[in-house]
Amino acid sequence: MFSIILAFIILNHKLYQVSKKIVIAVDGFSSCGKSSFAKLIAKRLGYLYIDSGAMYRAVTLGFIQNGLIEDGVVKKNDLLENIKKMDVGFSFNPNSKLHETTLNGVVVEEHIRTIGVASFVSIVAAIPEVRERMVELQRKLGVDKGIVMDGRDIGTVVFPNAELKLFMTADPKIRAERRLKELLEKGQPVNFEEILANIEERDHLDQTRDVSPLRKADDAVILDNSYMTLDEQMVWVEKLIEERAK
Ligand code: DC
Numbered sequence: 000m001f002s003i004i005l006a007f008i009i010l011n012h013k014l015y016q017v018s019k020k021i022v023i024a025v026d027g028f029s030s031c032g033k034s035s036f037a038k039l040i041a042k043r044l045g046y047l048y049i050d051s052g053a054m055y056r057a058v059t060l061g062f063i064q065n066g067l068i069e070d071g072v073v074k075k076n077d078l079l080e081n082i083k084k085m086d087v088g089f090s091f092n093p094n095s096k097l098h099e100t101t102l103n104g105v106v107v108e109e110h111i112r113t114i115g116v117a118s119f120v121s122i123v124a125a126i127p128e129v130r131e132r133m134v135e136l137q138r139k140l141g142v143d144k145g146i147v148m149d150g151r152d153i154g155t156v157v158f159p160n161a162e163l164k165l166f167m168t169a170d171p172k173i174r175a176e177r178r179l180k181e182l183l184e185k186g187q188p189v190n191f192e193e194i195l196a197n198i199e200e201r202d203h204l205d206q207t208r209d210v211s212p213l214r215k216a217d218d219a220v221i222l223d224n225s226y227m228t229l230d231e232q233m234v235w236v237e238k239l240i241e242e243r244a245k
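Structure follows, in structure tokens:
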């Protein structure tokens, strides 16, 4: 009995045994399950998980709160001053054991996930001054390695030397269904068409913007998870992590 328990513990902690700390960049389209996957990898490895999209969402929330977005357009006056004043960070929640996004010291994890923020985040994320500030913060977070960061430009701009780069993709309709389920569970009044349109629009904006457009890094490994469970994705990535962390 003891040996069965021991074997079980060893199997479940296999990923903790990788020898050196690495940087894992997880990029890809929106609503691809990047965050869930990156979070799980970080948990298994005991790494820090950072959702870089949450940082752009927090800035967007700040812009909305400060009245900087009018008729879908960001007012450019006082932009730099506003960005400098915005303190985006993460605080550890001991109950969920996760880092929650903060804006000026206030946890905004729920507020940044609304469709209101989602509708403007691509516009805000395309502003060079915003990106410059966020990339600077992201690099500081990764200075000691042992980090899994997900986003759009992590493997191409933030950590071009990351030991492991993943590029995630999935069918837009499947992504819209997943997102719909998530938002309905949170009680948000949304419908499938609205979500699919938002996803397609964000894909387009993310890929065609001038600054740091979404693209696969040359050395990134593609993961299409349209028909994969999270567990299947974990099994798939395990071998890659072992190789890169040797
Ligand atoms: O991953 P997400 O859907 O929460 O990201 C929100 C927005 O932020 C999305 O429109 C793309 C943008 N983003 C970005 O431009 N660069 C990143 N590294 C992460 C997100």
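Residue numbers for the sequence shown follow numbering that gives the first Met the number 0, beginning at 0 and rising by one.
Glycine is no exception: its CB is placed at the ideal position from the N, C-alpha and C atoms.
Taking the continuous alpha helix (DSSP H) assigned at residue i, which residues delimit it?
i	result
K172	P171 to E184
M54	S51 to Q64
D223	Element bounds for D223: not the alpha helix (DSSP H) but the beta strand (DSSP E), V220 to D223.
E200	F191 to T207
E131	P127 to L140
L97	Premise fails: L97 lies in the beta strand (DSSP E), L97 to L102, not in any alpha helix (DSSP H).
I114	I114 to A124
I82	L78 to K84
L44	K33 to L44
Report whether the distance from the Cβ of residue i to the nearest heavy atom of ligand 1 is below 6 angstroms.
i	result
V120	yes
R178	no
Y46	no
R43	no
A124	yes
R112	no
S35	no
G150	yes
R201	yes
S51	yes
S90	no
D209	no
D205	yes
Y55	yes
S225	no
S18	no
S95	no
Given a cut-off of 7 angstroms on the beta-carbon distance, is the pair residue i and residue j in contact?
i	j	result
E162	V22	yes
A216	K180	no
E200	P171	no
R208	A125	yes
A169	S225	yes
G145	K20	yes
V25	D218	no
E128	I68	no
V134	T59	no
A175	L195	yes
E99	V105	no
T101	G115	no
L213	R151	yes
A244	V147	no
M167	C31	yes
I49	L140	yes
F62	Q232	no
Q137	V156	no
Could you please give the first and the last residue of the uninterrupted beta strand (DSSP E) stretch that includes residue i?
i	result
G150	I146 to G150
I23	V22 to G27
T228	Where T228 is concerned, there is no enclosing beta strand (DSSP E), given that its DSSP letter is neither H nor E.
S90	V87 to N92
F166	L163 to T168
Could you tell me if the beta carbon of residue i falls within a distance shorter than 6 angstroms of some heavy atom in ligand 2?
i	result
R214	This structure lacks ligand 2; the ligands present are ligand 1.
Pop quiz: residue i and residue j are said to be a contact at Cβ under 8 angstroms. What is the actual Cβ separation, rounded to whole angstroms?
i	j	result
R112	V210	Actually they do not touch by this definition, with Cβ atoms about 24 angstroms apart.
D202	S51	With 8 angstroms as the limit, D202 and S51 do not qualify as a contact, their Cβ atoms being about 17 angstroms apart.
N103	D86	5 angstroms
N197	A117	6 angstroms
Say whether chain D places a C-beta atom closer than 7 angstroms to the C-beta of residue i.
i	result
L239	Protein chains in the displayed structure number just one, and chain D is not present.
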